[in-house]
Amino acid sequence: MQASPMVLTTLAGLSTALGGLLAVAAKPTKTTLSVSAGFAGGVMLTASLADLLPEALRFYGSYLPPWTSGAAIVMLLALGMLTAGLLGRLLPEETELAQKYGQNTARTQAMRTALITGAALLLHNFPEGVLTLFAGTADPALGLRTALAIALHNIPEGLAVAVPFAYATNSRAKGVLAALVSGLAEPAGALLALVLLRGLFTPGFLNGTVVLVAGIMIWVALAQLLPAALAPPRRLPGVLGAAAGCLLMLLGIAALP
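For the sequence shown, the numbering used here begins at 18 and goes up steadily by one.
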């Protein structure tokens with residue numbers, strides 16, 4: 018008996034919780050926080066540059082001349098980066114977070130990092146859910162392969178969200194919950210597409226959304242995560258975390274059908 022596309026999409030999204038469980042197996046410390054920031058930055062850069070953008074370039078390149086498709090990608094990336102910058106302004110500042118989480122600077126910085134990372138991954142997971150649903154509807158075998166591949170590379174994404182959230186709140190359970198919520202964007206996106214927006218989710222629309230999300234993730238990695246990871250005195254753990262994020266994300270990408 019074959020699983021329905023909606024079930025496969027939900028299971029793929031829930032795999033972020035597994036990453037969250039792995040992340041909080043040990044008590045988060047300042048060192049694990051640096052590793053996590055580097056890890057999340059490596060995950061986001063690798064997912065954007067090695068997975069999302071090549072697919073979009075191939076799609077637009079099949080319809081448009083090289084310079085035109087390149088210009089379209091660049092404009093969408095720039096719009097995504099601008100969106101990320103505005104998103105950062107909308108999120109609470111560290112002084113506001115300090116009122117809730119105390120004057121511990123490391124914890125307020127971790128909470129802001131967790132919020133920005135979680136928001137970026139929510140946006141990233143939304144179109145993934147739509148793609149998994151459509152793949153499963155078109156071909157059950159392809160849907161299964163796609164769901165398994167996305168589940169594999171959702172695990173490091175869950176890690177990236179859970180560690181800073183667990184550190185900021187001093188609660189491992191809340192870290193796992195944050196990872197779970199970020200993954201629920203996948204079945205939410207699929208459900209929205211299935212019920213309300215099926216006619217809007219054309220290949221052109223989905224690929225444009227993917228490039229926007231890539232721009233958001235690149236900006237978050239460069240402006241928020243990697244600077245936090247590479248700040249002294251924990252630069253080496255941050256570098257190792259970034260390297261691990263890149264390598265694990267490449268393994269997930271390699272498993273994509």
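Note that beta-carbon positions come from the ideal geometry of N, C-alpha and C, so glycine has one too.
Exposure label - residue i; buried when at least 16 CB within 10 Å
i	result
residue 350	The requested residue 350 does not occur in the structure, where the chain is confined to residues 18 to 274.
residue 264	exposed
residue 33	buried
residue 245	buried
residue 258	buried
residue 130	buried
residue 212	exposed
residue 18	At residue 18 the pLDDT is 43, less than 50, meaning the model places this residue with poor confidence; the figure from the coordinates comes in the next sentence. Per the 10 Å Cβ criterion, exposed.
residue 84	exposed
residue 221	exposed
residue 37	buried
residue 82	exposed
Helix, strand or coil at residue i according to DSSP, with G and I counted as helix
i	result
residue 187	coil
residue 21	coil
residue 251	coil
residue 77	helix
residue 149	helix
residue 71	helix
residue 164	helix
residue 105	helix
residue 201	coil
residue 44	coil
residue 82	coil
Supposed contact pair residue j and residue i - C-beta distance, whole angstroms, cut 8 Å
i	j	result
residue 202	residue 139	5 Å
residue 14	residue 247	The requested residue 14 is not part of the displayed model; the chain covers only 18 to 274.
Does the region 79-91 come into contact with the region 137-147, if we say contact requires no fewer than three beta-carbon pairs (one atom in each stretch) closer than 8 Å? no
Across the region 56-72 and the region 171-189, are there enough close Cβ pairs to call them in contact, namely three or more that are closer than 8 Å? yes
List, from N- to C-terminal side, the alpha helix (DSSP H) runs of 4 residues or more that fit wholly inside the region 226-270. 243-247
Three CB pairs or more closer than 8 Å across the region 19-28 and the region 202-212: yes
Between the region 70-85 and the region 99-108, can you find at least three pairs of beta-carbon atoms closer than 8 Å? no
If you pair each beta-carbon of the region 182-202 with each one of the region 224-238, do three or more pairs fall below 8 Å? no
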